[in-house]
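Engineer:
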Ligand code: SAH
Ligand code: TYD
Ligand code: ZN
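Residue numbers (the numbering used here): 5 to 409.
#1: Does residue 89 come out as helix, strand or coil in the three-state DSSP assignment?
#2: Among residues of its own chain, excluding the 5 on either side of residue 53, which ones have a beta-carbon nearer than 8 Å to its beta-carbon?
#3: Residue 84 to residue 5, Cα distance in whole Å?
#4: Considering residue 188, what are the terminal residues of the alpha helix (DSSP H) in which it resides?
#5: Let me know if residue 389 comes out buried or exposed under the rule of 16 or more other beta-carbons within 10 Å of its beta-carbon.
#6: Residue range of the alpha helix (DSSP H) that residue 206 falls in?
#7: Run the CB neighbour count on residue 25, radius 10 Å, all protein chains shown included, and call it buried at 16 or more, exposed below.
#8: Between the Cα of residue 257 and those of 174, 209 and 330, spot the shortest distance and give me the residue it belongs to.
#9: Starting from residue 297, follow the alpha helix (DSSP H) in both directions and report where the run begins and ends.
#10: Please list the terminal residues of the continuous beta strand (DSSP E) segment that includes residue 216.
#11: Comparing the CB of residue 321 with every heavy atom of the ligand TYD, is any distance shorter than 7 Å?
#12: Skipping 5 residues on each side, what residues in its chain have a beta carbon closer than 8 Å to that of residue 316?
#13: Can you tell me where the beta strand (DSSP E) holding residue 244 begins and where it ends?
#14: Kindly identify the DSSP beta-bridge partner or partners of residue 379.
#15: Going by DSSP, which residues form a beta bridge with residue 45?
#16: Give me the Cβ distance between residue 287 and residue 378, rounded to the nearest whole Å; I'm assuming they're in contact under 8 Å.
#17: Whose C-beta lies closer than 7 Å to the C-beta of residue 61 among residues of the same chain, with five residues either side of it excluded?
#18: DSSP three-state label for residue 65, please.
#19: Can you pull every residue whose C-beta falls closer than 6 Å to some heavy atom of the ligand ZN, listed in chain order?
#20: Compare the beta carbon distance of residue 152 and residue 185 with 8 Å and say whether it is the shorter of the two.
#21: What did DSSP end up calling residue 250 once you bin it into helix, strand or coil?
#22: Buried or exposed: residue 72, going by 16 or more other Cβ atoms within 10 Å of its Cβ?
#23: Counting C-beta neighbours from all protein chains within 10 Å, is the total for residue 80 16 or more, i.e. buried, or is it exposed?
#24: To which residues does DSSP link residue 258 through a beta bridge?
#25: Would the C-beta of residue 222 count as close to the ligand TYD, meaning under 7 Å from any of its heavy atoms?
#26: Would you list the residues sitting across from residue 30 in a DSSP beta bridge?
#27: Quick check on this structure: which residue in 115, 119 and 111 has the alpha carbon closest to the alpha carbon of residue 130?
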């Protein structure tokens with residue numbers, strides 16, 4: 005029997021996407037053939053309800069020195085983290101010499117404003133190339149995985165942290181016990197551990213099945229995060245819904261007994277109970293919706309291709325690795341995918357090998373259809389590419405169901 009990585013309870017398998025590549029491993033066309041595959045399957049814990057993957061991809065295969073993801077590619081996300089930094093500066097980083105640590109600081113999208121405010125800070129991220137981008141903005145970064153030993157070393161060198169912040173990273177870390185022991189070692193007695201991540205409730209409600217890929221080892225809910233915090237001697241004292249990435253939650257965790265929980269925690273927990281996130285039938289319904297999306301999307305793409313239309317993809321997201329590999333969408337259906345990340349251009353998408361091209365080539369000439377893999381940035385991308393629609397092109401979306409706009 006599989007054991008929960010958080011509480012040791014029994015895990016029941018509920019979703020199987022089959023053989024999948026490492027979602028950030030964009031392939032050099034000169035070196036194909038050496039890709040790592042794993043079984044992407046998900047289960048939920050019958051004790052603490054934590055939704056988690058059944059197979060763990062080694063962290064060094066995912067978060068390499070040349071990890072290509074860059075957070076600052078989206079102006080919407082940049083604004084979001086600007087506001088987040090402001091909020092932390094105004095509420096938690098107000099003492100005489102505050103210290104903030106970020107786990108998964110990437111290109112410095114959040115720490116930028118904390119550094120500019122002159123506040124002591126340290127980013128921790130194993131992606132060395134992304135860290136270089138952050139350093140060029142005057143941000144201090146340790147190129148390392150955060151875990152218990154890293155936390156102890158930081159504590160010894162810099163003293164306790166008033167805030168440990170993390171966005172879209174804690175859910176990526178299977179060895180969560182080491183993270184919490186590290187937070188325990190590093191956090192000041194009344195400090196807070198604040199992290200935001202995509203929300204399981206939204207993923208199920210809107211069939212965002214592509215939020216499931218190697219890196220998203222856990223899919224957090226308010227209930228499961230509360231149980232996880234308690235497991236390690238902490239308490240969930242804040243929860244805030246966020247509109248980013250299709251729906252996320254910002255969790256605030258403090259040492260047990262140190263702070264009084266905000267009323268929103270109980271409110272959101274009550275609302276969450278109606279979603280049935282601990283019930284097997286919820287996942288059966290989710291699985292049926294996923295199969296329907298796959299069948300509808302494949303049928304649409306095949307019909308359009310049979311009619312002679314050219315279809316491309318937009319946004320070489322890591323989410324698209326699950327869509328393309330699970331549905332079997334290769335260059336025969338989607339001839340290229342356009343993406344603004346320089347590190348991905350000129351490469352092939354993992355597994356199905358669709359060429360990634362710069363957005364400057366999207367309109368030369370425009371295709372008939374563009375499959376929007378970066379649906380979470382729909383507004384920003386559609387505004388940027390207004391001319392595509394004006395010249396008769398159509399967007400294909402597959403969330404919450406398959407439709408053309
Ligand atoms: N916080 C940014 C980046 C998210 S991508 C944002 O929200 O946009 C996830 C980042 O976490 C990557 O840069 C990856 O290298 C980093 N990461 C993964 N495991 C980590 C760990 N154990 N400690 C610190 N960073 C980690
Ligand atoms: P994102 O959805 O943030 O994450 P993930 O890879 O985790 O699924 O990725 C968005 C991708 O879309 C990223 O590779 C950059 C690209 N992109 C563009 O090409 N143009 C844009 O205007 C935006 C906002 C993103
Ligand atoms: Zn559990």
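Heads up, the beta-carbon is just placed ideally off N, CA and C, and yes, glycines get one too. Note that this is a predicted model, so its numbers are computed, not measured.
Structural biologist: On the basis of the supplied data:
#1: helix
#2: 225, 227, 228, 231, 281 and 282
#3: 41 Å
#4: 180-190
#5: Buried is the call here.
#6: 204-209
#7: buried
#8: Measuring from the Cα of residue 257, the nearest candidate turns out to be 174.
#9: Per DSSP, the unbroken alpha helix (DSSP H) holding residue 297 starts and ends at 284-310.
#10: That residue, residue 216, is in no beta strand (DSSP E); it is neither H nor E in DSSP.
#11: yes
#12: 338, 339, 340, 341, 342, 366, 371, 373, 374 and 375
#13: For residue 244, the enclosing beta strand (DSSP E) has its first and last residue at 238-246.
#14: In DSSP, residue 379 forms no bridge with anything.
#15: 20
#16: No, residue 287 and residue 378 are not in contact; Cβ-Cβ is about 26 Å, not under 8 Å.
#17: Sequence-distant partners of residue 61 (beyond 5 residues in either direction) whose C-beta falls short of 7 Å from its own C-beta, in its chain, are 26, 42 and 218.
#18: helix
#19: 8, 10, 11, 13, 49, 51, 52 and 54
#20: In this structure, residue 185 lies closer than 8 Å to residue 152 by Cβ.
#21: Three-state result, residue 250: helix.
#22: With 16 or more other Cβ atoms within 10 Å, it is buried.
#23: Classification of residue 80: exposed, given that the 10 Å Cβ count is below 16.
#24: 239
#25: Not one heavy atom of the ligand TYD falls within 7 Å of the beta-carbon of residue 222.
#26: None; residue 30 has no bridge partner.
#27: 111
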